[in-house]
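Mapping of the sequence shown onto the numbering used here: residues 1 to 418, in sequence order.
We put the beta carbon where it would ideally sit given N, CA and C, even for glycine.
Quantities reported herein were computed from a predicted structural model and do not represent experimental measurements.
Inspection log for the structure reproduced underneath, given as C-alpha cells.
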Amino acid sequence: MDEQREHRRGGPPLPWGGPTAWRHGPPWWNRRDDDTGGSRLPWLTTLAITVFVQVGSGFAAHGQLDREPLGILGRLLLLAGTLSLLLRHRHPVPVAYFTAGTALVYLGAGYAYGPVLLTVAVGCFAAVVAGHRRAAWGAVAMLWAGHLLVAHWLYRWLPPDGDDARTWGEETVVAVWVVAIIAVSELARVRREQWMKERAERAQAAKRRADEERLRMARELHDVLAHSISVINVQAGVGLALLDSDPEQARTALTTIKAASKEALGEVRQVLDTLRAPGEAPRAPAPGLDRLPELVQQAASAGLTVEVDTQGAGKKPAPGVDLAAFRIVQEALTNVVRHSGSRNARVLVRYESATLTLRVDDDGPATGADAGGSGNGLAGMRERAAALNGTIEAGSRPDGGFRVTAVLPMRSAPQEDQ
C-alpha cells in the first residue's frame with residue numbers, strides 16, 4: 001500500500017507527506033476493527049478519502065501537464081478504488097489487490113501521479129494490520145512491477161504520447177518509501193496485537209476478580225448462616241422436646257432462636273449491602289476476635305460450654321486477618337455444635353510477633369448427626385487461611401476428641417484485600 005505513495009514519488013513531487021498521516025493509525029484502526037467486530041462499514045473515513053483523492057487528483061492533473069487530462073474514466077477508476085475501502089476491514093486481502101489494480105490501470109492510462117496512491121496505501125495498511133502481510137506485500141509488488149513495466153518499457157505504446165522513461169534514480173526513491181511505509185504498517189500490526197493482548201489480559205483479570213469476590217461472598221454467607229442456623233436447629237430441637245414437660249425452658253429456647261435469627265439477618269444484610277453499593281465502604285465494621293465473647297454466649301445458648309485462653313500481648317492483627325480468625329473460630333464452634341457429642345470446647349488464641357495461632361478443641365466423640373450443615377465448613381476455613389498465606393490443620397486427637405489449628409500471619413497478605 002505504501003508503495004503506491006512511493007510510485008507517486010516516482011513522478012512529480014507531491015505536496016503532501018508520506019506515511020506520517022498514519023503514524024497514529026493503529027489505535028484508531030484497532031478500535032474500528034475490534035470493537036465493532038467489522039459489523040459497521042467505515043463510511044466517514046472512506047468518504048473523506050474519496051473527497052481527498054478526487055479533489056487532490058484534480059490539482060495533481062493541473063500540475064502535471066505532461067500527463068493525460070483527468071477525464072471520466074480516470075474519475076471512475078479513482079472512485080472504484082476508494083469505494084472498495086468500505087470493505088477493507090471485512091475483506092482486507094481482496095481490497096488490497098483491488099486498490100493496487102485500479103491504481104495500476106490509472107497510472108497505465110497516463111493519468112497524473114497523486115492521491116491515487118493513498119487508496120493503495122490505506123488498503124494495504126488494512127491488510128497488514130489485520131495480519132495479512134503476504135497479501136499486502138503481494139499487492140505492493142504487483143503495483144511496483146506493473147509500474148516498472150509502464151515507466152520503462154510500455155510507455156512507448158501507452159498514453160500520454162511522447163512520454164519518456166522514468167529514471168532509475170526515481171525508482172530507488174520509490175523503493176525507500178516502500179520499505180518505510182511497510183515498516184509503519186508492520187509497527188501498526190504489532191501495536192494492534194499488543195493492544196488486543198492487553199485487553200484480553202484486563203478482561204481475564206476482571207473475571208478473576210469477580211470470581212474471587214463471589215467466592216468471598218459465598219464464604220461470608222456460609223459462615224454467617226451456618227453458625228446461626230446450627231444454633232437455631234439445636235434450640236428448635238430442645239424447644240420441641242420440652243414444649244409439654246418444661247414450657248419455661250422451651251420459651252428460653254425460642255428466645256434464643258429469635259436472637260440468633262435476628263443476628264443472622266443483620267450480618268447477611270451487612271454482606272449484601274456491599275453488593276448493592278460496591279463503591280462504598282461498609283457502614284458496620286467487620287467482625288473480629290474482639291467479638292469472641294458473643295460467640296461464647298451463642299454457643300452457651302446452644303448448650304455448649306466454651307473456655308477461651310488468650311496468650312500474648314494482644315497485638316491487633318490486620319483487619320482481614322482479624323475477620324478470617326473470627327470466622328474460623330465461629331465455624332469450628334459450629335462444627336462442635338453440629339457433630340460433636342461433647343458439650344465442652346476450648347479455644348486458644350495466641351498472639352506472636354508475626355503469626356496468630358488459633359486452636360479449637362473438643363472432647364468428642366462425633367455423633368454422626370446431621371445438624372443441617374453443608375459440609376463445606378473445613379473447606380471454607382482452608383480457603384480463608386490460604387488466601388492469607390496461612391495454614392489450617394484439622395483432625396481427630398489421639399484421645400478421641402477433635403482439634404482445629406490455624407496459623408495466620410499478623411500482617412496482610414497480598415490476596416487478603418480482595
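Given that a residue counts as buried once 16 or more other Cβ atoms are within 10 Å of its Cβ, and exposed if not, what is residue i?
i	result
D66	exposed
L240	exposed
D223	buried
I72	exposed
L77	buried
G380	buried
S228	buried
W157	exposed
S245	exposed
A151	buried
G312	exposed
G74	buried
D322	buried
T391	exposed
Q204	exposed
Q235	buried
V129	buried
What are the start and end residues of the alpha helix (DSSP H) that includes residue i?
i	result
Y97	P92 to G108
L76	I72 to L83
T119	V116 to V129
R382	G377 to A387
Q297	L292 to S301
For the beta strand (DSSP E) containing residue i, name the first residue and the last one.
i	result
A136	Premise fails: A136 lies in the alpha helix (DSSP H), R133 to H152, not in any beta strand (DSSP E).
A345	N344 to Y351
Q311	T305 to Q311
Helix, strand or coil, according to DSSP, for residue i in the structure here?
i	result
D322	helix
P42	coil
G400	coil
S245	coil
L158	coil
D223	helix
D361	strand
T167	coil
E253	Checking the displayed sequence, the identity of residue 253 turns out to be Ala instead of Glu. A253: helix per DSSP, three-state reduction.
R65	Residue identity differs from the one stated: residue 65 is Leu in this sequence, not Arg. It is coil, neither helix nor strand.
A394	strand
A112	coil
A406	strand
Cutting at 6 angstroms between CB atoms, please list the residues of its own chain near residue i, excluding the five before and the five after it.
i	result
K315	Y351
V404	A332, V360 and A394
T357	R350 and V407
L187	none
A96	G123, C124, A127, A135, A136 and A139
P26	Note that P26 has pLDDT 42, beneath the 50 cutoff, so the model's placement of it is unreliable and no number is given.
T50	T82
Measuring CA to CA, which of the options is closest to residue i?
i	options	result
V337	A80, E198, V179 and S230	S230
L348	R359, L408, H339 and A354	R359
T102	A218, A188, E220 and H147	H147
W420	A100, I49 and D322	Any answer about residue 420 is impossible in this case: the structure gives the chain only from 1 up to 418.
A48	A61, L83 and K207	L83
V407	R327, R75 and N389	N389
T46	T357, P398, A80 and R384	A80
T167	W43, A385, L289 and W153	W153
L86	A141, G123 and A387	G123
L292	Q330, S301 and L242	Q330
H132	A60, A325, A151 and H89	H89
L143	L107, A112 and Y111	L107
D363	E294, R199 and S396	S396
I328	E294, Q311 and E383	E383
V184	A318, V105 and A121	A121
L149	V105, A130 and I182	V105
P160	E198, V55 and A109	A109
P92	E68, R202 and L41	L41
L221	G377, Y113, T172 and V129	G377
G56	A112, P94 and A385	A112
Short of 7 angstroms in beta carbon distance, which residues of its chain neighbour residue i, apart from the five on each side in sequence? Order them along the chain.
i	result
P365	G341 and G400
Q298	V231 and A260
A354	P409 and M410
R343	G303, L304 and T305
Give me, in chain order, the residues of the same chain whose beta-carbon lies closer than 8 angstroms to that of residue i; leave out the 5 immediate sequence neighbours on both sides.
i	result
A52	Residue 52 is actually Phe in this sequence, not Ala. Excluding residues within five positions, the ones whose Cβ falls inside 8 angstroms are P115 and L118.
L225	A264 and V268
D309	R346, V347, L348 and V349
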